[in-house]
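In structure tokens:
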């Protein structure tokens with residue numbers, strides 16, 4: 026398949042490389058340039074949209090709006106590609122994208138992904154696919170290249186975005202839960218690595234607990250998923266809760282803690298750095 030790809034951050038770069046290695050013809054555009062093995066770099070996002078399918082892995086709603094919607098790329102895409110948005114975006118903006126693609130006569134699939142750059146490099150992302158079944162089926166071959174599993178989120182694309190936001194919200198809650206547990210156990214003489222050995226071997230053996238307990242145990246937070254992006258995703262969750270008229274106290278707590286993390290200058294560190302504020306009584310270590 027002839028694929029256009031827009032957005033070559035740590036995740037997008039791995040995804041584009043895997044698509045090319047899987048035998049697809051990939052042409053990519055990135056705001057900051059760069060090169061990816063097997064990928065043909067083009068000089069404009071409009072060129073990337075001249076394809077059978079276009080995947081975008083841009084950082085947020087505003088980036089997609091400025092790169093895709095504002096320049097009118099949807100109406101200029103002469104080959105009528107299916108546009109697959111893999112970014113974590115707001116539910117409201119996903120609805121706007123559905124309307125914009127319908128007006129332009131293009132297929133649209135929301136396909137946000139679960140996984141860090143190492144998972145993307147192995148082609149083992151969990152892909153949350155939302156959109157009309159016939160449209161999703163058209164791009165399923167390329168989703169299978171980037172993903173270890175494709176999860177059907179139903180015929181309405183924004184459902185996938187709501188699911189992804191909820192997943193990221195729950196990861197931050199897990200980070201906060203581990204931090205609060207460390208407060209109790211360390212104060213009573215139990216080293217955090219020993220406590221994490223207990224919880225991983227009994228009650229909480231999921232990948233989120235495995236990855237982020239290791240960060241908290243070592244007290245090191247080299248970025249896998251930056252705190253600035255985590256804060257963005259929690260803002261999306263807050264907005265989604267507001268849209269349905271609900272008050273979510275745990276969400277509000279982790280949103281506040283992530284805000285403190287970013288405000289303290291740790292926005293480029295891993296989002297699990299928020300744990301240190303709880304462990305250290307609201308102070309940066």
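In the working numbering, the protein residues as written are 26 to 310.
Positions of the beta carbon are idealized from the N, C-alpha and C atoms, including for glycine.
message: Starting from residue 276, trace the alpha helix (DSSP H) in both directions and tell me its first and last residue.
response: Going by DSSP, residue 276 is part of the alpha helix (DSSP H) stretching over 274-286.
- prompt: If we ignore side chains and look at the alpha-carbon of each, how far apart do residue 53 and residue 210 end up?
  reply: Those two C-alpha atoms are separated by around 49 Å.
message: With a threshold of 8 Å on Cβ separation, who are the neighbours of residue 89 within its own chain once the five nearest residues in sequence on each side are excluded?
response: If the five residues before and after residue 89 are omitted, its C-beta is found closer than 8 Å to the C-beta atoms of 81, 83, 110, 112, 114, 118, 122, all from its own chain and listed in chain order.
query: Should the region 71-78 be regarded as contacting the region 90-109, the criterion being three or more beta carbon pairs within less than 8 Å?
result: These segments touch.
field: Residue environment, residue 301, which counts as buried when at least 16 other CB atoms sit within 10 Å
entry: The residue in question, residue 301, is buried, as its Cβ has 16 or more Cβ neighbours within 10 Å.
- request: Give the DSSP bridge partners of residue 136, in chain order.
  value: The partner list for residue 136 (beta bridge, DSSP) is empty, contrary to what the question assumes.
message: Comparing C-alpha positions only, which one of 247, 269, 271, 282 sits nearest to residue 295?
response: Minimum Cα distance to residue 295 is reached at 247.
task: Report yes if the C-beta distance between residue 145 and residue 46 is below 8 Å; otherwise report no.
output: In this structure, residue 145 lies away from residue 46, with their beta-carbon atoms at least 8 Å apart.
field: For residue 156, the residue or residues it bridges with in DSSP
entry: Answer is none; residue 156 lacks a bridge partner.
DSSP beta-bridge partners of residue 29: The partner list for residue 29 (beta bridge, DSSP) reads 52, 79.
field: Spatially closest choice to residue 264 from 153, 194, 27, by CA coordinates
entry: In terms of Cα proximity to residue 264, the closest of 153, 194, 27 is 194.
- prompt: Secondary structure at residue 186, three-state DSSP: helix, strand or coil?
  reply: Residue 186 falls in the helix class under three-state DSSP.
query: Which residues mark the beginning and the end of the beta strand (DSSP E) in which residue 249 is found?
result: DSSP places residue 249 in no beta strand (DSSP E); its state is neither H nor E.
query: What residues match up with residue 65 in a beta bridge as DSSP calls it?
result: Answer by DSSP bridge pairing, in chain order: 52.
message: When you compare the CB positions of residue 178 and residue 188, do they come within less than 8 Å of one another, or not?
response: A Cβ-Cβ contact shorter than 8 Å links residue 178 with residue 188.
message: Between which residues of its own chain and residue 26 is the CB-CB distance below 7 Å, once the five residues before and five after are set aside?
response: Here residue 26 has 49, 77, 78, 166, 167 as same chain residues with Cβ atoms under 7 Å from its own Cβ, once five neighbours each way along the sequence are excluded.
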